[in-house]
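Remarks on the structure that follows.
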């Protein structure tokens, strides 16, 4: 069972996180930041990103992109990987995290957040009570 207060975890990349392990622990949805988390800033989705989202969806996990960026950037990436999305999310405010969980049909105990910014992404996720992973 996941702890009530989640320790911050540090991984090298969003692509090496053991999502299968988190799924086995009850995680049913993953919220991702986009830029510098999944791809370099303003880069389109690549094969690695598409494969990650395919794997997560095949596993039965929901996904949502949560970005402070504008809609054209986030929408194009989301369409390419087949994910729900929220743009101009207002991170580190907690409202966007709540909307993402609502869209995925998950709650704080069944959601994982992955992002690259400590004082925007992870701080917001922790304030929202969501398990968070900071990637480099």
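Residue numbers (my numbering): 8 to 143. Note that the Cβ used here is the ideal one computed from N, Cα and C, for glycine as well. As the structure is a computational prediction, the values presented were derived from the model and not from experiment.
- In the DSSP assignment, residue 39 falls within the unbroken beta strand (DSSP E) covering 36 to 39.
- Within the same chain, Cβ atoms closer than 6 Å to the Cβ of residue 118 are found at 36, 108, 137, the five residues on either side in sequence being excluded.
- Residue 31 and residue 65 have their C-alpha atoms spaced approximately 14 Å apart.
- For residue 76, the closest C-alpha among the options 39, 69, 59, 54 is that of 39.
- Scanning its chain for C-beta atoms nearer than 7 Å, with the 5 sequence neighbours on each side dropped, one finds around residue 88 the residues 52, 56, 57, 60, in chain order.
- Residue 100 and residue 133 have their alpha carbons spaced roughly 10 Å apart.
- Ranking 27, 122, 70, 97 by CA distance to the CA of residue 42 puts 122 first.
- Looking only at 27, 28, 34, the smallest Cα-Cα distance to residue 112 is reached by 34.
- Look at residue 127 here: in three-state DSSP terms it is helix.
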